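A.B. asks: Have a look at the structure that comes next, please.
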Amino acid sequence: MPPLLRRVALASAVALFAACGKQESAPPPQPAAAVPAAPPKPAPVVPSAEGKTTPAITAEDFASRLQKISGDAFEGRKPGTIGERMSTAWIKDQFEQIGLKPGDGASWIQTVPMVETTLLDADGVSLDVAAKDGAEHFAYRTDMIINALDGRPAVDIENSQIVFAGYGVVAPEQSWNDYAGLDVRGKTVVVLVNDPGFGSGDATLFKGRALTYYGRWTYKYEEAARQGAAACLIVHDTAGAGYPWDVVINSWSGPQPALPPREDPGRRLKAAGWLTTAAAQRLFAKAGANFDELRKSADVRGFTPSSLDAKLTTHFRNKVDNTSSENVLGLIRGSTRPDEAVVYSAHWDHLGKDASLKGDQIYNGAIDNGTGIAGLLEIAEAFAHQQPPPQRSVLFIAFTLEEGGLMGSRYYVTHPSFPLDKTVADINMDALPILGPTKDIAVISWGQSSLDDYIKDAAAAENRTIVPDETPEKGFFFRSDQLNFARLGVPVLYARSGLNLVDGGEDAGRTAYADYTANRYHKPADEYDPAWDFRGVIQDLEAFRAVGQKLADETTFPEWKPDADFHRPPTTTPKPKSQ
Ligand SMILES: [Zn+2]
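In our numbering, each number is its position in the sequence shown, counted from 1, plus 770.
So, in structure tokens, the structure goes:
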């Protein structure tokens, strides 16, 4: 890995915590004048030997589990591969050794049906546009990426009218309709990533710079399908998407998993893809239009969509596999209210390996999401040894198919182990940063529910403060499994170390985080590093454990805030599933 994180950690400024490794108890708050001089960076953590983990949440145990789950032997944990079998078997064994019980009825495993669609001869696939000023050809990977998402063996789109539909958003509560007056049935819709609030920088539009669900690619495809379009192409730009073009390529090439149509009814697109900004500029120019001007016009209320003088043709074939993947569930039964459950979750899946890469071909996914799985196991182990045991049940779920579109959690919430109105909360962990100790916890779900108070108290006990999501424009709230609980009304906590590093402050934190996003996120370089400083992440896990412990011993349910994006549906008579 790049030496940057090491440099950041070594550039020691003021450190609040002298301890390394174990941090079961937080140091007492001290007046600023009494803060001791910075201790040196702790020696590298020696991971616990396999099978020798302890009930406490420790850096040694966490490192051991993280190193294991992100090792090359797991081949990048891609659903449908040998890496999946290794991953789910290992997580199940860990749950069992920790002392959990099966969490899906009598089973550790919940089978998630999926259909996997693989583009054949991908590099020979092109988009051919016949436009006003002649024909234009768009090449796979360099200009665009295209897929069928629903298991069609063949996609044939011939002279489909191309339409520019702004951000592709229909938001009645915002009085916004990018499809106003437009019939896109059978047509190819080109839309912008993100939403008008981001594009315009106008704080009164949508949520300003903060991403809304309307800005997510999932929504764009859903809406285009509802409108009856044949295809939808999203124009990528790094600021709007929150990640560079090669992340699009890595995520959208190779086998594409989806829930089968019976689990996900509704209209579907024949083809869904992305264009680079440069490709969009070229396409629009051929049609005698100016992409940059049209893009600006989409930021303004009253935007009208337009048909381009261009038609799209593409033909491709897919290999279709009806298969399944696995959520792994472990349970601690509550001592007095076992029919109510607090859920901890983290996705185990990642991107697998890519034989076409030179050098390292394995996407180890150490941060994303080896950290979440290692954290899930550490918290489960702490709960399993807790005396007295939790009053409510505590359910630990390792989700599959997060990377492909949050499908493991989407399946779980419609086939839950506990009715959702008996599900107290979901505490989700995804890509916990390992930047060393931080002065703050960033709460991505901030402002949504009374869980804000729980994490605030837990942070205060560690002498840390709370900050809201530092990059709301990236829409992290919509990019992991907690979203599926929230959409069905279960309050969620999604948080992690902030960027205000004890050693180096916010500038160092931002630099280190930007380095991760640019150089390691969804790349083979997301690998375990023996030099990592685990002090911050261990504190995060202690805070999450404290929140869940409080929830598990209460009789009340956390509540959504009145102006939250989500709400619990009116209570229906719950049908408890026997455990
Ligand atoms: Zn992730």
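For glycine and all other residues, C-beta sits at the position ideal for the given N, C-alpha and C.
These figures come from a predicted structure and were not determined experimentally.
Who are Asn1198's beta bridge partners in DSSP?
C.D. replies: Ser1115, Tyr1264
A.B. asks: Using only alpha-carbon positions, find the residue among Gly971, Ala1152, Tyr1182, Pro1203 that is nearest to Glu1312.
C.D. replies: Ala1152
A.B. asks: Could you pull the start and end residues of the alpha helix (DSSP H) that Ser970 belongs to?
C.D. replies: Residues 966-970.
A.B. asks: Hey, Gln1157 and Ala1322 are a contact pair by Cβ (cut 8 Å); roughly how many whole angstroms apart?
C.D. replies: The distance from the Cβ of Gln1157 to that of Ala1322 is about 13 Å, inconsistent with a contact at the 8 Å cut-off.
A.B. asks: If you draw a straight line from the C-alpha of Glu943 to the C-alpha of Lys957, how long is it?
C.D. replies: 26 Å
A.B. asks: Let me check you understand the geometry: is the CB of His1117 closer than 8 Å to at least one non-hydrogen atom of ligand 3?
C.D. replies: As presented, the structure is devoid of ligand 3, carrying ligand 1 as its sole ligands.
A.B. asks: Considering only C-alpha positions, which residue in the set Asp1138, Asp920, Leu1147 is nearest to Gly821?
C.D. replies: Leu1147
A.B. asks: Can you tell which of Leu1082, Tyr984, Arg955 has its C-alpha closest to the C-alpha of Gly969?
C.D. replies: Tyr984
A.B. asks: Rounded to whole angstroms, how far is the Cβ of Val1262 from the Cβ of Ser1220, which I believe are closer than 8 Å?
C.D. replies: Their Cβ separation, rounded to whole angstroms, is 12 Å, which puts Val1262 and Ser1220 out of contact at 8 Å.
A.B. asks: Between Val961 and Tyr937, how many whole angstroms is the CB-CB distance? I'm expecting something under 8 Å.
C.D. replies: Approximately 6 Å separates the beta-carbon atoms of Val961 and Tyr937; this is inside 8 Å, confirming the contact.
A.B. asks: Using a Cβ-based criterion (distance less than 8 Å to any ligand heavy atom), does Asp1196 qualify as near ligand 1?
C.D. replies: no
A.B. asks: DSSP three-state label for Pro849, please.
C.D. replies: coil
A.B. asks: Around the C-beta of Gly1206, are 16 or more other C-beta atoms found within 10 angstroms, so that it is buried, or is it exposed?
C.D. replies: buried
A.B. asks: Enumerate in chain order the residues of its own chain whose CB-to-CB distance from Ala1049 is below 7 Å, with the five nearest sequence positions on each side excluded.
C.D. replies: Excluding positions up to five away in sequence, the list reads Phe908, Asp913, Met914.
A.B. asks: To which residues of the same chain is Lys902 closer than 6 Å at the C-beta, ignoring the five residues directly before and after it?
C.D. replies: Ala1057, Gly1058, Asp1079
A.B. asks: With DSSP as the reference, label Trp1302 as helix, strand or coil.
C.D. replies: If DSSP states are grouped into helix, strand and coil, Trp1302 belongs with coil.
A.B. asks: Unbroken beta strand (DSSP E) runs of length 3 or more, entirely within the stretch 902-959: which are they?
C.D. replies: 904-909, 914-917, 924-934
A.B. asks: Please go through the same chain and pick out, in chain order, the residues whose beta-carbon is closer than 7 Å to the beta-carbon of Phe976, but skip the five residues on each side of it.
C.D. replies: Gln944, Asp965, Pro966, Gly967, Thr982, Tyr984
A.B. asks: Quick check on this structure: which residue in Ser1023, Glu1297, Glu906 has the alpha carbon closest to the alpha carbon of Asp891?
C.D. replies: Ser1023
A.B. asks: Please determine, among Glu1173, Pro1031, Arg1234, the residue with the shortest C-alpha to C-alpha distance to Pro1353.
C.D. replies: Outside the modelled stretch of the chain, which goes from 771 to 1349, sits residue 1353, for which no answer is possible.
A.B. asks: Please state if the CB of Arg1180 and the CB of Asn1092 are separated by a distance shorter than 9 Å.
C.D. replies: With contacts defined as CB atoms closer than 9 Å, Asn1092 and Arg1180 fail to qualify as a contacting pair.
A.B. asks: What would DSSP say about Arg1315, mapped onto helix, strand or coil?
C.D. replies: Three-state DSSP puts Arg1315 in a helix.
A.B. asks: Quick one: is Glu992 buried, meaning 16 or more other Cβ sit within 10 Å of its Cβ, or exposed?
C.D. replies: Burial call: buried.
A.B. asks: Give the C-beta separation of Leu836 and Ala1282 to the nearest angstrom, bearing in mind that I take them to be a contact with Cβ-Cβ under 8 Å.
C.D. replies: The pair is not a contact, with the Cβ atoms about 18 Å apart (cut-off 8 Å).
A.B. asks: Looking only at C-alpha atoms, which of Pro1159, Arg1257, His1006, Leu1053 sits nearest to Asp1191?
C.D. replies: Arg1257
A.B. asks: Around the Cβ of Pro1242, are there at least 16 other Cβ atoms within 10 angstroms (buried) or fewer (exposed)?
C.D. replies: Pro1242 is buried by the Cβ-count criterion.
A.B. asks: Excluding the 5 residues preceding and the 5 following Asp1222 in the sequence, name in chain order all residues of the same chain whose CB lies nearer than 7 Å to its CB.
C.D. replies: So the qualifying residues of the chain are Val1213, Trp1216.
A.B. asks: Is DSSP giving Phe1336 helix, strand or coil here?
C.D. replies: coil
A.B. asks: Report yes if the CB atom of Leu952 is closer than 9 Å to the CB atom of Cys1002, and no otherwise.
C.D. replies: no
A.B. asks: Using 10 angstroms around the beta-carbon of Asp920, count the other beta-carbons present and answer buried if the total reaches 16, otherwise exposed.
C.D. replies: buried
A.B. asks: In the DSSP assignment, find the unbroken alpha helix (DSSP H) run with Arg1017 in it and report its ends.
C.D. replies: It is Val, not Arg, that sits at residue 1017 in the sequence shown. It spans 1015-1022 - the alpha helix (DSSP H) in which Val1017 sits, taken as one unbroken run.
A.B. asks: Between the stretch 1107-1120 and the stretch 1161-1179, do at least 3 Cβ pairs fall closer than 8 Å?
C.D. replies: yes
A.B. asks: Is the beta carbon of Ile1149 sitting closer than 9 Å to the one on Arg1315?
C.D. replies: yes
A.B. asks: Buried or exposed: which applies to Arg1279, given that a residue is buried once 16 or more other Cβ atoms fall within 10 Å of its Cβ?
C.D. replies: The sequence given here places Gly at residue 1279; Arg does not occur at that position. Result: buried.
A.B. asks: Is it a yes or a no for the stretch 1130-1141 touching the stretch 1292-1303, going by three-plus beta-carbon pairs under 8 Å?
C.D. replies: yes
A.B. asks: Does ligand 1 have even one heavy atom less than 8 Å from the beta-carbon of Ala941?
C.D. replies: no
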